[in-house]
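In the UniProt record's numbering, the protein residues as written are 1 to 439.
Virtual Cβ for every residue (Gly too), placed ideally from N, Cα, C.
Written out below as C-alpha cells is the structure these notes cover.
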Amino acid sequence: TLYIYMLLNKSDFKRFKESRSTAGRELCGDVHSEFTYDHTSTVAMSLSSSEYMDIYEDFENAHRLRVMKRELCPAHDRVWSETLDRKPRMLKTVTRVLHVIGGLFYIICPPWPPWIIHKIAFRAPSKGEYYFLVGGEKDHRQAYFTARDAEGVKNLQICLPHLLRKKLKAIDIYYHILRCKPVILKLYEDLWICAMEIMCEQTEKWLRRTENRRTRSPKLIIFAQPNSSDIGCCMLMDPNFADIADFLRCDLLVFDYAGYGISDGEATEQTVYDSVDRVYKYATEELGYVPKDIILIGFSLGTAAMVHIASRTPDLGAMVLIAPFTSLWRVILHRPNIMGSSRLDMFSNYDKAQDIKCPTLICHGKDDSIVDHHHGLVMKERIEDCELFLITASHQGIFCERKMWDAIRGFLFEKVNITAAWMEAVRESALSVSAMYHA
C-alpha cells in the first residue's frame, strides 16, 4: 500500500492536481482512498469539478489530508485494460452500427410478443461495466462483481472503473465516494441485490462533529433510477447521487433492481417491485425511518417502482416522479390515456395512481420523444394531491435541468419542511453535546 501525505498548501495541492490529470490506468484512488482530519473544525464538503481550488478552501482548517492507494487493484488490470485502448474512428463507427443491428435482432428474435415487450422494458448494463465492489480485510481486499459474492464481506467500497480514463477529471467524485456505503440486501433465497447509502454534506457538517452524534439526516430520499443504468452509471451523471443529496439536504438510499448492476437474478416486473419493497423495508426497519420522513424520487422506469410503494403507503412524506409513464403498452402505442389494460402490458402506473395519497410532484419534458409529456398530464389527473412541472427538455436531458431541480427542492421544502427538520436535528445534536460535557 502506498501512502501519500499531502500538506494542504498551494504548491502541494497543485502537484496533486497535476498527478490526477496525468494519471493512467495505475491510479485506483476511487476504491482505495480515504481521508482523515487532524485538528479540524467545521468542514464543508461542497466541491466543484471545474474549480479544484475549492477543495483547498473547503479543507483549509484541516492540517493534513491522507490518501491511501493500493499499488494494484485486484480487478482493474484483469478486466478494464481493454476499455482504455483507443480504437480508430472508422472501427468505432462500424462497431456502433453492428451494435445497433445486433440490438434489433435481439429484440425481435424470437418474434413472440411477451418476450419482445420484456426485452424493450429491460436493458440492463453489463455486469461490472460501470461499477463493482471491493472489500475485505486490509491486506486481503478483493473485487466482487455479484451481490451474492459480496454478501457478508466487510468494508465494502464502490469502484468506478471509468474514473481511470486519462481524460476524465472528476476529482469531486472521489470525495463523493467517501460518503457512500454499499449495502447487500437479501431479496429471495440465494438472491441478493445491491443498495447504497449516500450521506449528504449537511449530515457531514452538522451531525458528525462529536462522538455522541447522529449519523443520518432527519429525512431520507429513496431514489429509483431509469432503465439502462445502475448505481455506478448514476454516480457519473450530472448531477450524480451525491449532488442530489447535497442539493436537497437529505441522505439518499439508492439500489439496483434484480439483474441490474451487481444485483443477482433476472429483471422482471415482479423483481422490480420486490427490489423496491426490500429497500423500503431496509429504510424503515433497519435505518429506523418512519413513512412520513421518507421521500420517493423515481426517474423513467424508476417511477414505476415509486408508484408501487406510494400506492400501498398513504402516509409517505412526498413523492417526485421524473418523466413518468402510464404503462409500457401505452408508451408503445403512443396513447397515454387509453382505457383498460392489455395482457401484454407491464408497469401499469395508470391503475395504481388513484391509490396514491401522498403529496406528489410530476416533472416532464415537453420535447420527450421516448415518453410523451401527455403521460405526465394523465398521471397528474389520476393522482389526488399532485402538482405538474413542465419544461422544454428531452427524456434524458430533463435530469440535468437546474430549473427542474429548483422546482423539486421548492416542492420538498414546502411539503416535507426539510429546513424545520434540520433545525430540530441540530438542536438535538447540540443538546446531546451539552449533556456529554456536563456528564
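Could you tell me which residues DSSP pairs with residue i in its beta bridges?
i: proline 182; result: Met196
i: aspartate 251; result: Leu220
i: isoleucine 362; result: Leu321 and Leu388
i: phenylalanine 132; result: Cys159
i: tyrosine 188; result: Leu191
i: tyrosine 273; result: In DSSP, tyrosine 273 forms no bridge with anything.
i: phenylalanine 299; result: Ile322
i: alanine 143; result: Val134
i: isoleucine 418; result: Partner(s): none; isoleucine 418 has no beta bridge.
i: residue 440; result: The displayed coordinates of the chain run from 1 to 439. Any statement about residue 440 would go beyond what the structure contains.
By a C-beta neighbour count over all protein chains shown, 10 Å radius and 16 as the cutoff for buried, is residue i buried or exposed?
i: threonine 93; result: exposed
i: residue 477; result: Look at the range of the chain in this structure, 1 to 439, and you will see that residue 477 is not part of it.
i: leucine 316; result: buried
i: lysine 380; result: buried
i: glycine 340; result: exposed
i: glycine 376; result: buried
i: arginine 179; result: buried
i: glycine 259; result: buried
i: glutamate 286; result: exposed
i: glutamine 202; result: buried
i: residue 485; result: Outside the shown range of the chain, which is 1 to 439, sits residue 485, and nothing can be said about it.
i: aspartate 385; result: exposed
i: aspartate 345; result: buried
i: histidine 176; result: buried
i: valine 97; result: exposed
i: isoleucine 262; result: buried
i: arginine 330; result: buried
i: histidine 162; result: buried
i: isoleucine 244; result: buried
Give me, in chain order, the residues of the same chain whose beta-carbon lies closer than 7 Å to that of residue i; leave out the 5 immediate sequence neighbours on both sides.
i: serine 421; result: Looking at the sequence provided, one finds alanine at residue 421 rather than serine. Excluding sequence neighbours, alanine 421 sits near Pro218 and Lys219.
i: isoleucine 184; result: Ala147, Ala150, Glu151, Trp192 and Cys194
i: valine 276; result: Ala224, Ala305, His308 and Ile309
i: glutamate 269; result: Met346 and Phe347
i: serine 342; result: Trp329
Could you tell me which of the options sits nearest to residue i, measuring between CA atoms?
i: lysine 127; options: Glu266, Arg402 and Leu388; result: Glu266
i: threonine 313; options: Lys357, Gly288 and Glu414; result: Lys357
i: cysteine 400; options: Leu236, Ile383, Glu201 and Lys186; result: Leu236
i: glutamate 424; options: Arg96, Ile244, Thr303 and Trp206; result: Trp206
i: aspartate 372; options: Gly340, Ser327, Ser342 and Arg409; result: Ser327
i: tyrosine 289; options: Ala258, Ala304 and Leu252; result: Leu252
i: lysine 138; options: Ala147, Gln157 and Thr271; result: Gln157
i: leucine 164; options: Val183, Glu129 and Tyr144; result: Glu129
i: tyrosine 257; options: Asp190, Tyr175 and Pro226; result: Pro226
i: phenylalanine 299; options: Asp293, Asp190 and Phe325; result: Phe325
i: arginine 278; options: Ser229, His308, Phe389 and Leu344; result: His308
i: leucine 390; options: Met404, Phe145 and Glu384; result: Met404
i: asparagine 337; options: Arg343, Met346, Leu344 and Tyr350; result: Tyr350
i: alanine 304; options: Tyr282, Asp274, Pro291 and Glu286; result: Asp274
i: proline 125; options: Phe145, Ser228, Ile101 and Leu187; result: Ser228
i: glutamine 354; options: Asp368, Ile383 and Thr360; result: Ile383
i: isoleucine 370; options: Gly397, Thr360 and Cys234; result: Gly397
i: aspartate 406; options: Pro239, Gln270 and His395; result: Pro239
i: leucine 321; options: Leu361, Ala283, Ile171 and Asp264; result: Leu361
i: serine 348; options: Thr392, Leu388, Cys386 and Gly302; result: Gly302
i: arginine 335; options: Ile295, Ser311, Val378 and Arg343; result: Val378
i: tyrosine 280; options: His374, Val254, Gly102 and Asp246; result: Val254
i: tyrosine 131; options: Cys234, Leu412 and Lys352; result: Cys234
i: lysine 352; options: Ser311, Arg330, Val331 and Thr392; result: Ser311
i: alanine 242; options: Thr215, Tyr174, Glu189 and Ile332; result: Tyr174
i: glutamate 428; options: His374, Arg216, Ser342 and Ala393; result: Arg216
For residue i, which residues in the same chain have their Cβ closer than 8 Å to its Cβ, ignoring the five residues on either side in sequence?
i: glycine 136; result: Gln142, Val153, Lys154 and Asn155
i: lysine 292; result: Asp315, Leu316 and Gly317
i: histidine 395; result: Ser300, Ala323, Gly365, Asp368, Ser369, Ile370 and Val371
i: threonine 271; result: Leu187, Tyr257, Ala258, Gly259 and Gly265
Excluding the 5 residues preceding and the 5 following residue i in the sequence, name in chain order all residues of the same chain whose CB lies nearer than 6 Å to its CB.
i: glycine 410; result: none
i: phenylalanine 122; result: Ala267
i: proline 182; result: Leu133, Leu156, Ile158 and Met196
i: lysine 415; result: Ala318 and Pro359
My assumption, with CB atoms under 8 Å, is that residue i sits in contact with residue j. Please give the rounded CB distance.
i: cysteine 363; j: isoleucine 408; result: 7 Å
i: isoleucine 221; j: cysteine 250; result: 5 Å
i: isoleucine 294; j: alanine 283; result: 6 Å
i: cysteine 200; j: aspartate 172; result: Their Cβ separation, rounded to whole angstroms, is 14 Å, which puts cysteine 200 and aspartate 172 out of contact at 8 Å.
i: leucine 412; j: leucine 160; result: Their Cβ separation, rounded to whole angstroms, is 28 Å, which puts leucine 412 and leucine 160 out of contact at 8 Å.
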